[in-house]
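Asks:
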Amino acid sequence: GQQVMQIPQYQHVQEGEDFTTYCNSSTTLSNIQWYKQRPGGHPVFLIQLVKSGEVKKQKRLTFQFGEAKKNSSLHITATQTTDVGTYFCAGPSARQLTFGSGTQLTVLP
Amino acid sequence: EAGVTQFPSHSVIEKGQTVTLRCDPISGHDNLYWYRRVMGKEIKFLLHFVKESKQDESGMPNNRFLAERTGGTYSTLKVQPAELEDSGVYFCASSQGSGARAFFGQGTRLTVV
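Chains as they are written, first to last, in the numbering used here: chain A, 1 to 109; chain B, 1001 to 1113.
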């Protein structure tokens, strides 16, 4: 079945440093979605990328979808303490929406 | 617009007991998913409904778990009998189409003691 892998599993950064998480799918995706889960909260949708090579920005967050539509990345510039949480990518198939293992981001003040 | 609602928010039960979790998706969303997150790890897929039909239940751990979605509206997930390893946060999510963005409920934190 489809597998979606994410690295790293954990990342500790000093406030103001950059952060990147990478997502790889075993199959070509029709789209890739990114979610954020704050500690004690529930996953919240951030963005969806559809086109090969697509790049989207949300303030300090930059999302990329690979040319082969099998990998994606999320980059945060100049992290803030509000960025703390776990970031998940998710790839749909005909039968389910598969989530990556997530990257837990800790931002040290 | 009301979001996805889950009930209860917390449940503490003893090993061997039965627990039923409920999820009310966003009105009009045919797709309903159940996921589980254990000890801050990955969001593990359990199953996917399209309307009242089970599209994929490959993630259900064993036959102690039973999910239903009668009438294609709300869904229930019953665990009977519960075991210690069933503890975790159970999330329900719904979407308009398969592969569309998912809206998550607040989750049910299940603790089996």
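We treat Cβ as the ideally placed atom computed from N, Cα and C, and that holds for glycine.
Roughly how many angstroms lie between the CA atoms of A/Arg95 and A/Gln2, to the nearest whole one?
Replies: Whole-angstrom Cα-Cα distance: 10 angstroms.
Asks: Looking at A/Glu54 and A/Phe65, is the spacing between their C-beta atoms short of 9 angstroms?
Replies: Yes, these two residues count as a Cβ contact at 9 angstroms.
Asks: Looking only at its own chain, which residues have a Cβ that is under 6 angstroms from the Cβ of B/Leu1066, when we skip the five neighbours before and after it?
Replies: Contacts found: Lys1078.
Asks: Put B/Gly973 into one of helix, strand or coil per three-state DSSP.
Replies: As displayed, chain B neither begins before 1001 nor continues past 1113, which places residue 973 of chain B out of reach and without an answer.
Asks: Quick check on B/Phe1091 - is its C-beta less than 9 angstroms from some C-beta in chain A?
Replies: Cβ-Cβ to chain A under 9 angstroms: yes for B/Phe1091.
Asks: Suppose the cutoff is 7 angstroms on Cβ atoms and the five residues either side in sequence are ignored; what does the same chain contact list for A/Val107 look like?
Replies: So the qualifying residues of the chain are Val13, Glu15, Thr79, Gln80, Thr81, Asp83, Val84.
Asks: Tell me, to the nearest whole angstrom, how far the beta carbon of B/Ser1098 is from that of B/His1029; I am working on the premise that it is less than 8 angstroms.
Replies: 11 angstroms between Cβ atoms; not a contact.
Asks: Out of curiosity, what's the CA-to-CA distance linking B/Arg1109 and B/Gln1055?
Replies: About 25 angstroms.
Asks: For a test of the three-state rule: what should DSSP assign to A/Thr77, helix, strand or coil?
Replies: A/Thr77: coil per DSSP, three-state reduction.
Asks: For B/Phe1049 versus B/Gly1072, is the C-beta distance shorter than 9 angstroms?
Replies: Result yes, Cβ atoms of B/Phe1049 and B/Gly1072 sit closer than 9 angstroms.
Asks: Skipping 5 residues on each side, what residues in its chain have a beta carbon closer than 7 angstroms to that of A/Ser26?
Replies: These residues qualify, in order along the chain: Gln2, Gln3.
Asks: Does any residue of chain C have a CB that is nearer than 9 angstroms to the CB of B/Phe1103?
Replies: Protein chains in the displayed structure are A and B, and chain C is not among them.
Asks: Here's the rule: buried if 16 or more other CB atoms are within 10 angstroms of the residue's CB, otherwise exposed. What is B/Val1004?
Replies: Counting Cβ neighbours within 10 Å, B/Val1004 comes out buried, since at least 16 surround it.
Asks: Could you work out which residues of chain A lie near B/Glu1042, taking near to mean beta carbons separated by less than 7 angstroms?
Replies: Phe99, Ser101, Gly102, listed in chain order.
Asks: Quick one: list the residues of chain A neighbouring B/Gly1072, beta-carbon separation under 7 angstroms, in chain order.
Replies: Chain A residues near B/Gly1072: none, gap ~18 angstroms exceeds 7 angstroms.
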